[in-house]
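> Numbering follows numbering that gives the first Met the number 0, with no gaps: position 460 of the sequence shown is 459.
Yeah, the Cβ is synthetic: ideal placement off N, Cα and C, and Gly gets one too.
Remember, it's a predicted structure, so these values are computed and weren't measured experimentally.
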Amino acid sequence: MKLYLLRLGWICLLVNFFQLAFAQENKIPDWENEKVFGINKEQAHATFYSFPNSSDAMRQEAEHSVNYFSLNGKWKFYWSKFPEARPKNFYLLDFDDRNWNEIPVPSNWELQGYDIPIYVNHPYEWTKKPNPPFVRHDWNPVGSYRRQFELPKEWENKEIFITFGAVKSAFYLWINGQKVGYSQDSKLPAEFNITKYLKKGKNLLAVEVYRWSDGSYLECQDFWRISGIERDVFLQARPKTFIRDIKAEPFLRNDYSLGILNLKIELQSDKPFLYTDYQAEAQLYKHDILLKKLKLKSSEMGFMDDIQLPFPDLWSAEQPNLYRLILNLMDKNGKTLESTAIDVGFREVKIAGGQLLVNGKAVLLKGVNRHEHDPKTAHVISRESMLEDVRLMKQFNINAVRTSHYPNDPYWYQLCDQYGLYLIDEANIESHGMGYAPECTLGNNPLWKEAHLDRIRRMMERDKNHPSVIIWSMGNEAGFGENFVAAAAMMRQMDPNRPIHYERAGEDSATDIVCPMYPSLEELKEYAARASDRPLIMCEYAHSMGNSTGNLKEYWDLIESEKHLQGGFIWDWVDQGLERFSEKGEKYYAFGGDFGGDTIPSDNNFCINGLVFPDREIHPALWEVKKVYQNIDFKLNNTFVHIQNNYFFTNLNAFQFQWQLLEDGEEIGSGDFSEIDLNPGQSVDIALPMQRDLFAQDVDYVFTITAKTKTDWGLIPKNHEIAWEQFELKSMRGFRFTNLDKFEKLIHFENDKILKINGNDFEFVFSKEQGKLIGWRNKSKNILSKLKGVEFNFWRGMTDNDFGNRFQLRAAVWKNAGENPELLQFDFRKINEKEIRIYTKHSLANGIAVWNTIYIIAANGELNIDNSFVPLQDSLPELPKLGLTFAIDSSYQQLNWYGRGPIESYWDRKSGAKIGVFSSSVEKQLVNYIRPQENSNHTDTRWFALRDNQGFGLLIAGNSLLNFSAQNYALEDFDQPDKSKNKHSVDIQKRPFVSLDIDIQQTGLGGDDSWGARPHHEYTLWAKPYRYQIRIIPFSPDQKNLKRVWKEKPLLKSVQAY
């Protein structure tokens, strides 16, 4: 390995040397020159828009301003596979584009039928041998765009600017056949002054976009590698002298009782000017009420002044108080030339005492990473989609977002300011495909220094006024070196009031926050145990790929107990699947490897890591996140509930607290608590509204307390449940025993192959050759499907985490252990005329374990199954699950259960599922993960029932809490031996039976990462002896009270009870 690294280092040094020599001796294209990332572009500035007057500016509706002209829509388009094939003179006025197709702008051309979407995680998609700054010439598609437009007459004598919100990866611009400029950085705006290129009447806009450029070496992010004009394109008209930039920097003094807004306004003109020739006025509003108005002082550097506001309403993610700042530019006679508006928030961010403080409070960042993704339009994100993301995040207790891994659309920041989300704003820098070695990474290559600095500088200039941006990030997985050291120095000079974040810096002084990826609990404990002047905030953790996000609670139990641990950002928010349709018209989501065949690089479904599906349907894991991230803590203390306010800026009097008491799953009491007036960080004990000593014996009691919003809270509606907890006050420990005297006696029939047992309108059929139940009829209705019977099961459809930690290989001995086990014993015993027992013993997987079963059939038609599992070898691998699989007749489609629900739950991911009685259907049980895998399990089940449309059914309970799932699909539908062979939701088809799994337990899902981490030890189903019993009770349509069925038909006395 050392020799390999040494050779790699020499190769990298030689590549750098020859790059420099080549660049000096040859004229290389702009799109292969790391020194060229913008030609004739305007300097970066804050996001704001031009309005003719302050009343229009106050509304902040840029698209309705007379100074705004959208160029979104249909453009003429031509696609070329490589640069030499492009139409070189397409920008000329007399070029004939009548045979060109049209393409929507914005869009990614790969989703419009041109070229191939590629998904890879960290390699470069166009080559296996990166050689920066050069890209391929034989396959580097070029998109040529043309659009005509005519300026409004009111725009005469104005300065006209064109802005491209985002273009990937590099582009040239022409107006009326004249070359205007060039730009790189596909996630920040490129703005050009096009005044001198325009003419009256129709104007021609031509854009030439390159799929790959030298800039692509800095855009090696874990997302779809696609191209095109991805964000809005628009024109703005400005006066000849106009506001070029605004810096509105808040400060808080006197123990946060005085707000100071430091303003700096910079102008730009088409000719030399003096600031004293102009006037600038600032107006500060709150809810349309004018609070402050002042003329700004002029200097040679611009207009600068302070607005002081006593006792300002502070901005935080919990209480996103905003003020609207109106700025009017006037000539010396007081005539308004231009107005604009931005929202500002008074808040302070700093690191002190080894903690991140917002307004003096050591906040916890309960965050997610968010890629910009839409299932239909990929990287073109609508405002509606952005608003929906914010709405879901707020309602599910998420308070922070990392803009992984690039600056987002400007509207995203406006929403986060308005509704309250903390942001880590991340520069569009990732050179992951180069590796991290100092001699290879571009982060340590002096030729690439300015390219790094430019991207970071322009991000900071654009987003500097947003209160939601509390941390700057230098990028993601781009190695570390002198370029990042220089960037950190530049950033601290530009903005000394926000901390810097960069994971690859480790604990170097270049980062103000230690921000590892996917640390284990032990690593977090180690950091917390030593003295530190910096907080640790995980930039990525809880990898939520497929059915995942286990043991999240354990992470937060630790975080909330340690001063220097301040949260993290789950990877990630949304599954990056692209909407596609099968030949039958069925919708599914495509991922890597679904386009272009085997010659196209792919990391398969590694882009499917979301807490929500691509269409924003909620994953079950998001309910776990909501529960773990909630900001109110409840603990039971004998006859009191201890309530702790873990908000930082919110009093609990904003919520209505309610309680409910369940007896065996049925509500027997509920009510409201009186108002709880509790400041952040405070706690109170409240008496339970019932006497526990009056509870009945052998009854299950569950007490629930909830907190709901009293009024609308931003995007959180009134009566929204924001926090809850449940306490099992008294659990059932036993059953009464039934008397069988009133039932008819059992009769049996047997031959060499089968054993039949008949009672009053029911029949059981056992195979004596297989030693298993193969038939069951009750009330002339088949319970078991004729296609399959009852089987032992130790397997599950491998999850993405299972594949990542090689569970499918490690536990392979269990996969088929339940199929065709060797029958060692089959004994039939008639205990009396009302009870028959069948004893079976099976050898599993060539003798690695045995399974002993006692089937107990009672004269009332009840079936009891006593199971024991005994491993016979040491060092056997852990089991995916352990239990029985029943093939139930397909007519049993209605489902009820008393346990955790209504969502699926697992051993290490069940905090977000409440205990209660739930009603659903087998049809609705499927959780349609984009890559089919284990799903729909329910934990802590007291009983569950299946019934048909007529009301005939089965109730199943056990001597311990059960796991169960009921689906119209079979195990093999969710399992695949090789994950690299893509399988999608449309590949699974309904079966003609209900597959019912009844398990003693299932190994947890895990989620620390998806490439090696196993479920935690305490959530692992180790190979050791287990015993569990189940009772299956047939019931009729007249028995509608399932609790009564459960209670009145208990286990037989001869079977060990609770």
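Measure from the alpha carbon of LEU786 to the alpha carbon of each residue in GLU1017, TRP775, VAL134, then state which is nearest.
Measuring from the Cα of LEU786, the nearest candidate turns out to be TRP775.
> Grab the span of the beta strand (DSSP E) containing GLN278 for me, first residue to last.
Per DSSP, GLN278 belongs to the beta strand (DSSP E) from 277–285.
> Around the C-beta of ASN332, are 16 or more other C-beta atoms found within 10 angstroms, so that it is buried, or is it exposed?
So ASN332 ends up on the exposed side.
> Using the three-state DSSP reduction, which class does LYS909 fall into: helix, strand or coil?
Reduced to three states, the DSSP call for LYS909 is coil.
> On the criterion of 16 or more Cβ atoms from any shown chain inside 10 Å, does LEU739 qualify as buried, or is it exposed?
Buried, since its Cβ has 16 or more Cβ neighbours within 10 Å.
> How many Å lie between TYR1018 and LEU878 at the Cα?
TYR1018 and LEU878: Cα-Cα distance of roughly 11 Å.
> Nearest-angstrom Cα distance between ASN1062 and SER784?
Since the displayed the chain opens at 0 and closes at 1057, residue 1062 lies outside it and no answer follows.
> With a 10 Å radius around its C-beta and 16 neighbouring C-beta atoms as the bar for buried, classify ALA169 as buried or exposed.
Result: buried.
> Return helix, strand or coil for TYR418, following the three-state DSSP convention.
It is helical.
> Hey, LYS157 and PRO271 are a contact pair by Cβ (cut 8 Å); roughly how many whole angstroms apart?
The Cβ separation is near 19 Å, so there is no contact.
> Give a yes or no on contact between the stretch 274–284 and the stretch 323–342, applying the rule of three or more CB pairs nearer than 8 Å.
The stretch 274–284, when compared against the stretch 323–342, does touch it at the 8 Å Cβ threshold.
> Report yes if the C-beta distance between LEU881 and SER920 is below 8 Å; otherwise report no.
Going by C-beta atoms, LEU881 is not nearer than 8 Å to SER920.
> CB-CB under 7 Å to HIS719, same chain, minus the five flanking residues each way: which ones, in chain order?
Result list for HIS719: GLN394, LYS707, THR708, in chain order.
> Taking the beta carbon of SER874 as the centre, do at least 16 other beta carbons fall within 10 Å, making it buried, or is it exposed?
Exposed is the call here.
> By Cβ distance, which residues of its chain are closer than 7 Å to SER384, with the 5 residues on each side in sequence left out?
Excluding residues within five positions, the ones whose Cβ falls inside 7 Å are ASP373.
> Using the Cα positions of GLU561 and MET459, report the straight-line distance between them to the nearest angstrom.
C-alpha separation (whole angstroms): 32 Å.
> Name the two residues that bound the continuous beta strand (DSSP E) containing ASN652.
It is not in any beta strand (DSSP E) - ASN652 carries neither H nor E in the DSSP assignment.
> Give me the Cβ distance between GLU832 and LYS909, rounded to the nearest whole Å; I'm assuming they're in contact under 8 Å.
About 44 Å; that fails the 8 Å criterion.
> Between which residues of its own chain and TYR1060 is the CB-CB distance below 6 Å, once the five residues before and five after are set aside?
Only positions 0 to 1057 of the chain appear in the structure, and residue 1060 is not among them; the question remains open.
> Below 8 Å between beta carbons: does that hold for ILE225 and ASN107?
Against a cut-off of 8 Å, the Cβ pair of ASN107 and ILE225 comes out as a contact.
> So who's on the other strand from TRP78, going by DSSP bridges?
In the DSSP output, where bridge partners are listed per residue, TRP78 has GLY142.
> Which two residues bound the contiguous beta strand (DSSP E) that contains GLY882?
Note, GLY882: beta strand (DSSP E), 880–888.
> Excluding the five sequence neighbours on either side, which residues of its own chain have a C-beta within less than 8 Å of the C-beta of LYS989, listed in chain order?
If we look at LYS989 and ignore the five residues flanking it on each side, its Cβ neighbours are ASN967, TYR968.
> Provide the residue span of the alpha helix (DSSP H) that contains SER1078, from first to last.
Since the first and last residues shown for the chain are 0 and 1057, residue 1078 lies out of range.
> Along the chain, which unbroken stretches of the beta strand (DSSP E) at least 3 residues long are found entirely within the stretch 617–694?
List check, beta strand (DSSP E) in window: 631–636, 639–644, 654–662, 665–671, 682–686.
> Would you say the stretch 199–216 touches the stretch 141–159, given that touching needs at least three Cβ pairs under 8 Å?
Short answer: they touch.
> Using DSSP with H/G/I as helix, E/B as strand and the rest coil, what is TRP1045?
Residue state, collapsed to three classes: helix.
> Between which two residues does the alpha helix (DSSP H) carrying ASN800 extend?
From DSSP, the alpha helix (DSSP H) with ASN800 extends over 799–803.
> Using only alpha-carbon positions, find the residue among PRO140, SER472, PRO619 that is nearest to PRO901.
Comparing Cα positions, the closest option is PRO619.
> Taking Cβ to Cβ, would you say LEU564 is nearer than 8 Å to LEU610?
No. Outside cutoff.
> Mind checking whether the beta-carbon of LEU391 lies closer than 7 Å to any heavy atom of the ligand GDP?
Absent from the structure shown: the ligand GDP. Ligands present: none.
> With DSSP run on the structure shown, which of helix, strand or coil describes ASN202?
DSSP places ASN202 in strand when its eight states are reduced to three.
> Rank ASP95, ASP96, GLY112, ARG97 by C-alpha distance to the C-alpha of PRO103 and give the top, closest one.
Here the closest residue by C-alpha is GLY112.
> In its own chain, which residues sit with a C-beta less than 6 Å from the C-beta of ALA22, not counting the 5 before and 5 after it?
Summary for ALA22: the model assigns pLDDT 44, below 50, so the residue's position carries little reliability; its value from the coordinates is reported in the next sentence. If we look at ALA22 and ignore the five residues flanking it on each side, it has no Cβ neighbours.
> Tell me where the alpha helix (DSSP H) around TYR554 begins and ends.
Run containing TYR554: 551–558, per the alpha helix (DSSP H) assignment.
> Do you know whose CA, among SER256, GLU218, VAL348, lies nearest PRO1058's CA?
Nothing can be reported for residue 1058, as the shown portion of the chain is limited to 0 through 1057.
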